[in-house]
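Position in the sequence shown (from 1) plus 3 gives the number in the working numbering. Glycine is no exception: its CB is placed at the ideal position from the N, C-alpha and C atoms. Note sheet for the following structure.
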Amino acid sequence: MIKKFDSPIFVTKPALPPLEEYTELLKQIWDTKVLTNNGPFHQQFEKALSEYLGIRYISLFSNGTLALITALQALRITGEVITTPFSFVATTHSLWWNNIKPVFADIEPVTFNLDPEKVEAAITPQTTAIMPVHVYGNPCNIEQFQHLADTYGLKLIYDAAHAFGVKINDESVLNFGDLSVLSFHATKVFNTIEGGAIICHDEKTKHRIDYLKNFGFADETTVIAPGINAKMNELQCAYGLLQLKYVDDYIEKRKSLSALYQKLLKETEGIRCLSEMNGVRHAYSYFPILVDKDKFGISRDDLYEKLKAHNIYGRRYFYPLISQFPSYRGLPSARKDNLPIAEKVADQVICLPIFPELTHENVNDICDIIKDK
Ligand code: T4K
């Protein structure tokens, strides 16, 4: 019997910048008393993020969900939007909050991203946009989605909550589609405690998004739209600026943990890891494995419980599928026979712990526990 961990190992643990460095920036905030509303740290952070990510325009938000909701408002999306059931609920909730009907299409068996062919088959005269997700940070089939958007006159909004720092052939994945949305939640590769952003490609759209996240104010007395309050505050922006100094180091650590998991699990019958994609700079935000009960001997849920018994708290992201939640399961597109691949993946997946503080020894122990029958 392999020993259990003395203290719990969760699926993730946020990386924080050095406290002394943060205290220095907090002193400046205490001096100026500028706490929010596009203050100096906000402006610096947007500029620094644009440079780091290799993008042109970014608007910071208080979280990724409000950024998604606002992205749909910014493009005035209505009617039906085709999206994936294999994501965090916020993806579909953002449609619901805009009174848009979600239409689920199935995912690809290799990347677990929305399948462009299934999307094409689901297009109706009411379809106005496609909302794919770069699940686990693996880029979607960008070319195919752009082709569909161009052919059918649809908008393309990427939920890029998992894709901070991800590049395809040296180009940020955020530069594709009409808009992309990031999350900087505590559980993400890059965090500002809570936070998010919309990436767009022209100045006019950025202005519109900035008005929308600030009640619709274009200037002191002009309100151009029924906006929301979704601004990021100065304490988070200062914290985010510091995080940017360390994020490459966080990603390097994740990369080496991911490589070790791959090496240790690759020969394990019934366990499948996702392969790295050619030409992609990954950020290693999650480490999902699929458990094939027939070959591995026990089910995903049994392995999940076994890990818990050893103080390892993996997570079944994304089980249940969004299409199975009460708000959505009545939709025709939510039927299980419409989403066979998503159903299968959701029944087999566990995300194993991965975060910069995790050690190689920890990964060795986790894999020993997985393989111990
Ligand atoms: N789109 C996609 C594709 C997303 O994945 C998300 C969020 C969004 C949109 C929406 O973005 P935000 O509005 O959140 O910015 C977590 C996160 O809350 C959520 O942000 C994330 N996706 C989702 C995949 O995971 P939970 O309920 O699983 O988190 P929780 O609190 O159980 O945390 C997981 C583990 O992390 C804990 O067991 C311990 C550790 N942890 C967590 C927190 C919050 C810490 O060590 N410290 C912490 O402060 O949803």
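Asked: Element boundaries [beta strand (DSSP E), containing GLU1]; Found: The structure shown does not extend to residue 1, since the chain is modelled only from 4 through 376, so no value can be given for it.
Asked: Top-ranked residue by Cα proximity to ASP340, from GLN351, VAL352, SER326 and SER330; Found: SER326
Asked: C-beta contact flag for VAL136 and ALA163 at 9 Å; Found: yes
Asked: Proximity of PHE48 and MET235 at Cβ, strictly below 9 Å; Found: yes
Asked: Residues sharing a beta bridge with PHE48, DSSP; Found: Looking at the DSSP assignment, PHE48 forms no beta bridge with any residue, so it has no partner.
Asked: Exposed unless 16 or more other CB atoms sit within 10 angstroms - verdict on ALA345; Found: buried
Asked: Distance between beta carbons of TYR214 and GLY230, contact taken as under 8 Å; Found: 6 Å
Asked: Residues of its chain near TYR155, where Cβ-Cβ distance is below 6 Å and the 5 sequence neighbours each way are ignored; Found: ILE126
Asked: Cβ shell of TYR289 (< 6 Å), same chain only, five flanking positions each side left out; Found: TYR139 and CYS354
Asked: Which of helix, strand or coil DSSP assigns to SER302; Found: coil
Asked: Cβ pair ILE103, PRO88 closer than 9 Å; Found: no
Asked: DSSP bridge partner residues for THR130 (one or two, in chain order); Found: GLU83
Asked: One or two residues paired with CYS276 in a DSSP bridge; Found: ILE292
Asked: Check whether ILE171 and GLY282 have beta carbons under 9 Å apart; Found: yes
Asked: Min CB distance HIS96 to chain C below 9 Å; Found: Absent from the structure: chain C. Only one protein chain is present.
Asked: Beta-carbon contacts of LEU267 that lie in its chain and below 6 Å, excluding the five residues immediately before and after; Found: CYS370
Asked: Paired residues, beta bridge with GLU105 - DSSP; Found: Per the sequence shown, the amino acid found at residue 105 is Pro instead of Glu. Answer is VAL84.
Asked: Contacts around TYR249, its chain only, beta-carbon distance under 8 Å, and the 5 residues preceding and following it disregarded; Found: ALA18 and PRO20
Asked: Within the stretch 14-83, ranges of the alpha helix (DSSP H) (whole runs, at least 4 residues); Found: 22-35, 43-56 and 67-77
Asked: Close Cβ partners of CYS276 (< 6 Å) along its chain, the five nearest in sequence each way excluded; Found: GLN265, LEU268 and ILE292
Asked: Near the ligand ATP: THR127 beta-carbon under 8 Å from a heavy atom; Found: Within the structure as shown, the ligand ATP is missing, the only ligands being the ligand T4K.
Asked: Short Cβ contact (9 Å threshold) for VAL176 with SER278; Found: no
Asked: Cβ-heavy atom distance, VAL84 to the ligand T4K, below 8 Å; Found: no
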